[in-house]
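Asker: The structure that follows is given in the form of structure tokens.
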Amino acid sequence: MKITKLSLAAIIAIGSITCANAQSLENAIKNVEVSGTVVYRYNNYEENNSAQKDDSYTANNYKAAINVSSKVNDDIKFNSRFIAGNQDNAGENVYNTQSESDENFDVFLSEVNFAYSGIENTMITIGKQGITTPFTLSRDSLGNEATGTGVVASTHMGDLVSLTAGYFNQTNLDTGDLLSSVVSGSNDFYYVNGVLAFSGITIDATYADSEDQFDAYSIGVATNIDLGSVSLSPYARYSELNEDVSDIENTLWKVGMGAQAGIFGAYLAYGETGEDGGNVAIDASSDAGMDDHWRVTLTGISDASVIYASVNAQVTEKLNLAVKYSEIDAGTASNDIDQNEIYAQAAYKMSKNLSTYVRLGQLEKDGYYADGSDLDSIIGRAHIQYSF
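With the sequence shown counted from 1, adding 379 to any position gets you the working numbering.
Quick look at the structure:
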């Protein structure tokens, strides 16, 4: 959106552009677009087990992100993204949400790049930017973001086919928990992606490689079916990640269906992982992984299956009520456990740019604690998100 009043961060960014190009602030503002999100989330978990009764856990999470873009000329656009949260300077420099009560924020520049559109139907972006693949989350209103320095080129061939390729010589991808063993090195990351859309069906395929660490691919298909009074949205995806320094072959496949009939909606999904492992995604909530509801996540659990089911009703234009259930039948590995979750959610969209929801439910995990006792947790959450 174009604005005439800007935040301090935006004014600083515009000021640097203005000085570099010796143009007036008035002309610079006309070419600037600002957008972003501000999120607050409160979690409260009451956990019970045979050894420790009524163990309470609470957390306050915050994150603010501001995107500032400026048109340099007819062919080049400058893009940047500022985050106020917590920047973890250890390991792979993964950017995290601020999560400690009353802790001061870190403010940092997470993206800075130039996009060139001088070739018809093509965009080439150079610099520090989000890594957008089925295995990563490049943007998240409250969580880690996958970024890297490199070049990404994308081209569209009409409305049917789009092709994208990216190469990064530095990333913040954290593979410490993903791989059974990590080999040090430059870890250059590249990917190629193709999307085919026809007759209401979308098919996508992606191959990615992280040097000396892994190679992975993901294939997905999705469509929408209008049956008059009922609208269906089926999808399916298969993903595989092979580690370079071992024989481990991580696989995860999933199918799902969304349905909408008037004010009522429903969702049902099923997924399975392979015997070797289920670590097919760098970010568990990315398209390749399976993290459809709250605290029950299939990603990373070997030889397991999951069911996600939910129903909801759009009670008023602003209020949506839902009940969601998840269940994992875990594999045979010693650290894999059966788990199930059920919760109610009330989502209230006060305005187009302000949304909230509250959740209350129960999470159970068999043999979760060291003494073999089960986890039986009452879980609650309040979430507020402002977008601009």
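Beta carbons: idealized from backbone N, C-alpha and C, even for Gly. Fair warning: this is a prediction, and the values are worked out from it, not measured in the lab.
Thinking C-beta only, is G573 closer than 8 Å to Y546?
Answerer: no
Asker: On the three-state DSSP scale, how would you describe I680?
Answerer: coil
Asker: Quick one: give me the first and last residue of the beta strand (DSSP E) that I661 is part of.
Answerer: Going by DSSP, I661 is part of no beta strand (DSSP E) at all; its letter is neither H nor E.
Asker: Compare the C-alpha of A749 against each of V451, T437 and D715 and name the closest.
Answerer: For A749, the nearest C-alpha among the options comes from D715.
Asker: If distances are taken between C-alpha atoms only, which option among R616, I686 and D567 comes closest to T581?
Answerer: Among R616, I686 and D567, the Cα nearest to that of T581 is on R616.
Asker: By the DSSP assignment, the beta strand (DSSP E) with I758 in it spans what residues?
Answerer: L754 to S766
Asker: Which value, in whole angstroms, describes the spacing of the CA atoms of T476 and G522?
Answerer: Low confidence applies to T476: its pLDDT is 49, below 50, so where it sits in the model is not reliable, and the reading given next is rough at best. Using only the alpha carbons, I get a separation of about 5 Å.
Asker: Rounded to whole angstroms, what is the Cα-Cα separation between M536 and L700?
Answerer: Going from the Cα of M536 to the Cα of L700 covers about 41 Å.
Asker: Please list, in chain order, all residues of the same chain as A692 whose beta carbon is under 8 Å from its beta carbon, the five residues on each side excluded.
Answerer: I642, F643, G644, N699, L700 and A701
Asker: Taking 8 Å as the threshold, find out whether the segment 436 to 454 comes into contact with the segment 413 to 423 through three or more Cβ pairs.
Answerer: yes
Asker: Taking a contact to mean a Cβ-Cβ separation below 8 Å, would you say L606 touches L575 in this structure?
Answerer: Not a contact, by the Cβ cut-off of 8 Å.
Asker: Under the assumption that E490 contacts S459 (Cβ atoms under 8 Å), give the Cβ distance between them as a whole number of angstroms.
Answerer: 6 Å
Asker: Can you tell which of Y727, G555, L754 and D755 has the C-alpha that lies nearest to the C-alpha of Q764?
Answerer: The shortest Cα separation from Q764 among Y727, G555, L754 and D755 belongs to Y727.
Asker: Tell me whether the beta-carbon of D626 lies closer than 8 Å to the beta-carbon of G653.
Answerer: no
Asker: What number of angstroms, rounded off, separates the C-alpha of G527 from the C-alpha of I503?
Answerer: 15 Å
Asker: Determine the contact status of D708 and Y687, defining contact as a CB-CB distance below 8 Å.
Answerer: no
Asker: Can the beta-carbon of E622 be found less than 8 Å from the beta-carbon of S684?
Answerer: no
Asker: Assign I408 to one of three DSSP states: helix, strand, or coil.
Answerer: helix
Asker: Just curious, the beta strand (DSSP E) that T550 is in, first and last residue?
Answerer: V540 to T550
Asker: Return the chain-ordered ranges of every beta strand (DSSP E) run that is complete within the segment 681 to 756 and spans a minimum of 3 residues.
Answerer: 684 to 693, 698 to 708, 718 to 730 and 733 to 744
Asker: On the DSSP bridge list, what partners appear for V413?
Answerer: V447
Asker: Can you tell me which of the three DSSP states E622 falls into?
Answerer: strand
Asker: Buried or exposed: where does M669 fall if 16 or more other Cβ atoms within 10 Å of its Cβ makes it buried?
Answerer: buried
Asker: For a test of the three-state rule: what should DSSP assign to F772, helix, strand or coil?
Answerer: Not covered by the structure: residue 772. The range shown for the chain is 380 to 767.
Asker: Quick one: residues in its chain with C-beta nearer than 6 Å to the C-beta of R760, no 5 flanking neighbours on either side, listed in chain order?
Answerer: Cβ neighbours of R760 beyond the five flanking positions: N422 and R738.
Asker: Tell me which residue opens and which closes the beta strand (DSSP E) that A525 is part of.
Answerer: That residue, A525, is in no beta strand (DSSP E); it is neither H nor E in DSSP.
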